[in-house]
Amino acid sequence: MRRLRPETRWAYVFLLPWLIGLVIFQAGPMVASLVLSFTEYDLIGSPEFAGTANYARMAEDPKVARAIGNTVFYTLLHVPLAIALALALALVLNRITGRAAGAFRTIFYLPSMTPYVAVGVLFLFLLNGQAGMVNQFLGLFGIEGPQWTTDPDWVLPGIVVMSLWNLGSTTIILFAALRNVPRELSEAAMIDGAGTWQRFRAVTLPMISSALFFVVIINTITSLQMFDQVYTMFFGNQTAQQSYGDAALFYVVYLFQQAFQFLNMGYASALAWGLFLVIAAITLVQVKVGNRLVYYEAEERA
Amino acid sequence: MPHSPVNPARAAASALATVLVATLAACGGVGSGGDQGGERTGGAASLTTMGFGLPDEIAKVRVDAFKKANPGVALQINEGQFDEQAFLSAVAAGNPPDVVYLSRDRIGSYAARGAIQPLDGCLSEQNVPTGDFYPAAQQQVKYDGKWYGVPEFYNSIVLVVNDKAAEDAGVDPADIDTSDWNRLAELAEKMTRTEGGKIERFGFYPKLPEFLPLWAKANGADILSADGRTSHLNDPKVAEALDYANGLVEAQGGWTKLKAFTDTFDYFGEGNPFVKDQIGAMLTEQFVVTAMAGTTPDVAITVLPFKDRQGNPVNNVGGNAWVVPKGAKNPDAACTWIKTMTAADTWIAAARARADKRAQEGKAYTGTYTGNAKADEVIFSEIVKPSGKKAFDDAVKVIRSVQQAGFVVPQSAAATEFKKAWEDAAIRVLQGDQKTADSLGRAQTEAQKAIDEATS
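From first to last, the protein sequence lines are chains A and B.
Read the first sequence against full-length UniProt numbering and you will find it ends at 302, with the numbers running on by one and no gaps.
Read the second sequence against full-length UniProt numbering and you will find it ends at 456, with the numbers running on by one and no gaps.
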């Protein structure tokens, strides 16, 4: 066996706390949930082996289909919009120089500091179809706004609107990438007669493609795991749970309901593994596709 | 949106971290399940509660009574609303609170799974006069013939009319009678006010989906058999009732607008929808009325019984109960606690304290509606005095009169799933997703399946 170099050994020593945490708090529960997903378990009694019954049930459960539909719909709307908007914000931030720059960067990041629960409650007020400020604003232009919080066709778009309020992290990552684009490249292109759009398209975008790729993956994953705000808005108390039906039923919300409302912990574990596999698959596809589109500075492109 | 580098497995892991803890702990809990001995630390027993707070004198007086009678018990009240996740995790981890305060309509689900203990032994040892509790409240805390909880409050449903809306519609509020469904529909439309697509006043709020069992009962149908085994959601009379109540909502502006409108209401503040003339009439629990006696004593309302189509009052009652979870460390102290909190004497003392406080503030005391009929008799004959506010004095009489008409949806092993099934069915109809018969048909299938699985 090849002997580890002393530096490597020390590296592992320093990694140890994290590794222990990984095994106990991440890998452990995941393995436990995998085992539970093949059992019937109500949290009170002991788990009983149920074979693949939970997975079979998933395939038949109309609510799972609805929850997947809602979650995918949200993800498809949220990810492109969030990244386009965040990129626009980052480009604006990148133009601001001098003393004001720090202040603006802070302001753009502020929404990320707000607890999700508070955001959910706030937007329930803002989006209210009868008295909310969003519709009052639309009213200024003579538009009669939809019933964002109660019309099943508008609940998901309303949640997307809410999600676009908080772009702090994505903006910061893209902004940092923009700062790293060497000015010479842009200047050289300008001398060659490239216009603003051409420079953005041919210089800036390829240079930040690795950051873009990263935020696409991260945003996709968090969208598929959407829970906090939606739960606060539409499932947070008994009245809320009675009032909105499945219009805002996201996958993780349904998982939570099965686990803690209906005490089907085995089924909830199966749902969790279903989600894990789907996310793993999507991420794999994204990495494969990304490898073709993303430019890393270290590599030579053919 | 990203907030921290995210592990792709985060959702799975976070939901299931709890599971691992639960599993490990459950192994320890099952073996010690039969242990009934109280845990004694330093010679004194301890008692931990969950789901209960100390918002007012009604709670404080009764807690003080317990403390005074049981000075040796170290009482720890974990204030806050009942949280099913916290509760179940604690039970699964073998470290539950000793006594829990939760909504009575969940008792069946927890009892069937053994998450809470039967209290028959406790009630007989402590000589609790169980006959003092209202029959409907008794029915709601029993499962499979055993007592699993002891009822606390007894909330009745009444019709509250905004006098101004009735007069605008040319009707004497006292003459409104919900037994004639055609006239009620006409009145609802007359009391509604809209301006440019915006709802100004919701004429008659039937409180769907929450009150579907009440509407079904008004139409002569029970949604669940008395033994809790057979769902009757597909009874045509249930469909007829839902169709009618949904029709009321549609005629007044549609669910999406009306629901958004009612979401802006603050029932317990000085700007409640009756003061603001935003409601013509609505079905609601009596605590909305008693709250108004404190916040807006001069509001012009008339409280009436909700009548079925034969003209008899119907009232779907509810409230909280005290239960003892499986694995409670000190079930004896829990039992004493439950007895004290729900005894007639304690309730009467609490009601006196409330009446004194209201008198000091110069406000009317409109009574405390307990699950203990014997306590209520004393409270309403000796403590509640005419306040001079006719609306509220009459309201007290009406609420008292409908208490005997109280009914509950019978307990079932799948109480949670059953409730979810009919709520979702009503929502699908209100949202226009599905026709009434189809929606209730689906609910019937879902509900019956859940009941069969939970009881087998």
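From the three backbone atoms N, C-alpha and C, an ideal C-beta is built for every residue, glycine too.
Problem - Rounded distance between the beta-carbons of A:E48 and A:E60, thought under 8 Å - result: That pair is no contact at about 20 Å.
Practice task
Select from A:L76, A:L81 and A:L43 the residue whose C-alpha is nearest the C-alpha of A:G266.
Solution key: The option with the nearest alpha carbon to A:G266 is A:L43.
Exercise for the section: Could you tell me the distance, in whole angstroms, from the CA atom of A:T75 to the CA atom of B:E195? Expected result: 37 Å
Problem - Three-pair Cβ contact test at 8 Å for the region 122-136 of chain A versus the region 199-214 of chain A - result: no
Practice task
Find the residues of chain A that neighbour residue 477 of chain B, judging by a C-beta separation of less than 7 Å, and give them in chain order.
Solution key: With chain B covering 1 to 456 only, the question about residue 477 of chain B has no answer from this structure.
Practice task
Name, please, each residue of chain A whose Cβ falls closer than 8 Å to the Cβ of B:G114.
Solution key: I44 and G45
Handout entry: Ranges of the alpha helix (DSSP H) found wholly within the region 128-154 of chain A, counting only runs of at least 4
Key = 133-140
Exercise for the section: Please determine, among A:A259, A:Y251, A:A27 and A:V134, the residue with the shortest C-alpha to C-alpha distance to A:G274. Expected result: Looking at the Cα atoms, A:Y251 is the closest of the given residues.
Practice task
Locate the beta strand (DSSP E) running through B:T284, then write down its first and last residues.
Solution key: I279 to E285
Handout entry: Other residues of its chain near B:G247: CB distance less than 8 Å, five sequence neighbours each side excluded
Key = A185
Practice task
Output, in chain order, the set of chain A residues within a Cβ distance shorter than 8 Å of B:G197.
Solution key: Those within 8 Å of B:G197 in chain A are E144.
Exercise for the section: For chain C, find out if any of its Cβ atoms is closer than 8 Å to the Cβ of A:L19; answer yes or no. Expected result: The structure shown contains no chain C; its protein chains are A and B.
Problem - Residue from A:F73, A:T97, A:F262 and A:G290 whose Cα sits closest to the Cα of A:V216 - result: A:G290
Exercise for the section: Using the Cα positions of B:T284 and B:N95, report the straight-line distance between them to the nearest angstrom. Expected result: If you take the alpha carbons of B:T284 and B:N95, they lie about 38 Å apart.
Problem - DSSP three-state assignment for A:R99, whether helix, strand or coil - result: Of the three classes helix, strand and coil, the one that applies to A:R99 here is coil, per DSSP.
Practice task
Spatial neighbours of B:N316 within its chain, please: CB distance less than 8 Å, with the 5 preceding and 5 following residues excluded, ordered by chain position.
Solution key: Counting only Cβ-Cβ distances below 8 Å, and skipping sequence neighbours, we find I157, F211, P213, L214, K217, G406, F407, V408 and V409.
Handout entry: Cβ neighbours of B:A26 in the same chain (closer than 6 Å, five flanking residues each side left out)
Key = Note on B:A26: pLDDT 37, under 50, position unreliable in the model; the coordinate value appears next. Excluding residues within five positions, the ones whose Cβ falls inside 6 Å are A92.
Problem - Cβ-based contacts, 7 Å cut-off: residues of the region 428-440 of chain B near chain A - result: R428, Q431 and D433
Handout entry: Contact with chain B by A:F262, beta-carbon distance below 8 Å
Key = yes
Practice task
Could you pull the start and end residues of the alpha helix (DSSP H) that A:N54 belongs to?
Solution key: A53 to E60
Exercise for the section: Would you mind telling me which residues of chain A sit closer than 8 Å to B:V324, beta carbon to beta carbon, in chain order? Expected result: None at all; the shortest Cβ gap to chain A is about 14 Å.
Practice task
Express the C-alpha separation of B:A136 and B:F418 in angstroms, rounding to a whole number.
Solution key: 19 Å
Exercise for the section: Under 7 Å Cβ to Cβ from B:D163, same chain only, skipping five residues before and after it: list those, please. Expected result: P173, A300, I301 and T302
Exercise for the section: Might you give, ordered along the chain, the residues of its own chain that have their beta carbon closer than 8 Å to the beta carbon of B:A221, omitting 5 neighbours on each side? Expected result: H232, D235, K237, V238 and A241
Handout entry: chain A within 8 Å of B:A90, Cβ atoms only
Key = B:A90 is outside the set of residues whose beta carbon lies under 8 Å from a beta carbon in chain A.
Exercise for the section: Compare the C-alpha of A:A247 against each of A:L156, A:A86 and A:I173 and name the closest. Expected result: A:L156
Practice task
Report yes or no: do the region 179-193 of chain B and the region 306-326 of chain B share at least 3 C-beta pairs separated by less than 8 Å?
Solution key: yes
Problem - Cβ of B:P209 within 8 Å of any chain A Cβ - result: By this cut-off, B:P209 is an interface position.
Practice task
Excluding the 5 residues preceding and the 5 following B:A112 in the sequence, name in chain order all residues of the same chain whose CB lies nearer than 6 Å to its CB.
Solution key: A413 and A454
Handout entry: Cβ-based neighbour list, B:K357, same chain, cut-off 8 Å, excluding 5 preceding and 5 following
Key = Around B:K357: E57.
Exercise for the section: Would you mind working out which of A:L15, A:I83 and A:T52 sits nearest A:S269, comparing C-alpha positions? Expected result: A:T52
Practice task
For the alpha helix (DSSP H) containing A:N291, list its first residue and its last residue.
Solution key: M265 to L293
Practice task
Report yes if the C-beta distance between A:L271 and A:Q258 is below 8 Å; otherwise report no.
Solution key: Yes, they are a contact pair.
Exercise for the section: With 9 Å as the C-beta to C-beta threshold (strictly closer), list the residues of the region 227-248 of chain A near chain B in chain order. Expected result: F227, N237, Q238, T239, Q241, Q242, S243, Y244, G245, D246 and A247
Practice task
Check each candidate in B:E270, B:N70, B:G228 and B:I399 and name the one with the smallest Cα separation from B:A333.
Solution key: B:N70
Problem - Classification of B:W422 by the beta-carbon crowding that lies within 10 angstroms, buried from 16 upward - result: buried
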